[in-house]
Amino acid sequence: MTGVERTYPFQGKGALHKLAVTAASVIPLALTVFAIVRLWGLHVSGLDIALLVGMHIFGGLGISLGYHRMLTHGAFRARTPVRAALVFAGILSLQGGPASWAATHRRHHALADQKGDPHSPLEGLFHAHWGWMWKGNLVHEGPAFDRLMRDPVVRFFQRTQAIWYAFTFLLPALIAFAVVGTWPAFFQGMLWGGAVRIFLMHHITWSINSICHAWGTRPYESPDVARNNGIFGWLGYGEGWHNNHHAFPDSAYLGHRWWQFDLGKYVLQPLRWFRLVYDVRIPSRAERMSRRASRA
484 MTGVERTYPF QGKGALHKLA VTAASVIPLA LTVFAIVRLW GLHVSGLDIA LLVGMHIFGG
544 LGISLGYHRM LTHGAFRART PVRAALVFAG ILSLQGGPAS WAATHRRHHA LADQKGDPHS
604 PLEGLFHAHW GWMWKGNLVH EGPAFDRLMR DPVVRFFQRT QAIWYAFTFL LPALIAFAVV
664 GTWPAFFQGM LWGGAVRIFL MHHITWSINS ICHAWGTRPY ESPDVARNNG IFGWLGYGEG
724 WHNNHHAFPD SAYLGHRWWQ FDLGKYVLQP LRWFRLVYDV RIPSRAERMS RRASRA
């Protein structure tokens, strides 16, 4: 035990935790519906769309490269400024602190699609998509969590996560205000770069847990039901090549074929050239061939 229960009041299985999870899910949904209504009346600018796309890419890479490939699987190592930037980008996605996210995902891989998996679709797609969080299946203690908390970057963002959740909405709003200089632009930035972006990111990430364990192809043998799904391969910046990932969980590259879009791989390549990331793990062709399923 690390005493984290006294530090993070929204964790656990109690009413406060369920309220926090529900609010973090329902509020972006409600504001996205509001944004669609305003979009119908053309109450949207090029800056709003730019903030939506730019913040989505930034936060998506934070989850995919930072939280997932770097922290959870150690698929590569990064210099401290890059490491901090990726964790910062991840926490802006409003998906929990870096230590709890990575520890939860490690448990998923250890028990994938078995009893004890935090979000197995064997308990239903709704459970895999969202219900597992409401039930309090996030990991906030244990050996994996403790090891992650030894990292000063992870520890800092885990302990100050509430501040960054507010910044999730304030950052795009402040950018819009700096560019346009009006309060309507400020709130439009908060709406499109904040709430709408969070809604889209949440459901893309959650669909990797649910849809990518239910529909798609299985080119590799793996002890679970993870599948490659092309739609979420694109929407998830490479994360939807989920059978690839479960076959080689410590691989920094999730797209194995030339046509498998993997934005994280494309970002890692120049970072490797400048030696900002190192110890990048990539399975060899022989390793990939050895894991090929008899029928793709």
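With this note's numbering, letter number 210 in the sequence shown gets 693, and the count goes up by one each step, no holes.
C-beta atoms are modelled at their ideal positions from N, C-alpha and C, and glycine is treated no differently.
Among the options, the one whose alpha carbon lies nearest that of residue i
i	options	result
F669	R590, F660, L759, G677	F660
L554	Q641, G672, V679	Q641
A649	L577, G537, L737, R638	L577
Q752	P564, V763, A533	V763
G677	L522, S528, L534, D634	L534
W689	A595, G614, A572	G614
G713	A507, A595, D531, R740	R740
Q671	L522, G716, P732	L522
G543	V662, F715, A558, I765	F715
P511	T651, A645, W584	T651
Local Cβ density within 10 Å of residue i, reported as buried at 16 or more and exposed below that
i	result
S603	buried
K748	buried
M772	exposed
E488	Below a pLDDT of 50, predicted positions are generally treated as unreliable, and E488, at 37, falls in that range; the measurement from the model is reported next regardless. The residue is exposed, with fewer than 16 neighbouring Cβ atoms inside 10 Å.
L605	exposed
Y736	buried
H612	buried
T563	exposed
S767	exposed
H526	exposed
E722	buried
W756	exposed
G579	buried
T643	exposed
A517	Before going on, a small fix: residue 517 reads as Phe here, not Ala. With fewer than 16 other Cβ atoms within 10 Å, it is exposed.
Reduced DSSP secondary structure (H/G/I, E/B, other) of residue i
i	result
W666	helix
A735	coil
W689	helix
A507	helix
N726	helix
Y648	helix
A709	coil
W720	According to the sequence shown, residue 720 is Tyr rather than Trp. Y720: coil per DSSP, three-state reduction.
A779	Low confidence applies here, because A779 scores a pLDDT of 44, under 50, leaving its location unreliable; read the following figure in that light. DSSP places A779 in coil when its eight states are reduced to three.
V622	coil
T424	Since the first residue shown for the chain is 484 and the last is 779, residue 424 is missing from the structure and cannot be characterised.
V760	strand
R560	strand
P601	coil
L608	helix
T515	helix
I765	coil
Q743	coil
L683	helix
L653	helix
L544	helix
Q641	helix
Range covered by the alpha helix (DSSP H) that runs through residue i
i	result
D634	Run containing D634: none; DSSP gives neither H nor E here.
F571	563 to 574
H526	No alpha helix (DSSP H) holds H526; DSSP gives it neither H nor E.
S773	768 to 773
G747	746 to 756
A585	581 to 593
Own chain, CB closer than 8 angstroms to residue i, minus 5 neighbours either side, in chain order
i	result
A779	Residue confidence is low: A779 scores 44 on pLDDT, short of 50, so the model does not pin down where it sits. Its coordinate-derived value is still stated next. T700, R701, P702, listed in sequence order.
L608	S693, I694, A697
R775	P702, Y703, E704
W647	F571, I574, L575, F640
H728	A709, E722, S734, L737
Contact set for residue i: own chain, Cβ-Cβ below 7 angstroms, skip 5 residues either direction
i	result
H539	R680, L683, M684
A561	M553, L569, L759, V760
A586	V622, G625, A627, F628, L631
T515	A678, V679, F682
D596	S603, L605, H696, D707, V708
Same chain only: Cβ atoms within 6 angstroms of residue i, ignoring 5 sequence neighbours per side
i	result
H591	D600, P601
A582	F628, L631, M632, V637, Q641
I687	L718, G719
L594	D600
Residue i Cβ short of 6 angstroms to the ligand NAP heavy atom set
i	result
L534	Although the ligand NAP was asked about, the structure shown includes no ligands whatsoever.
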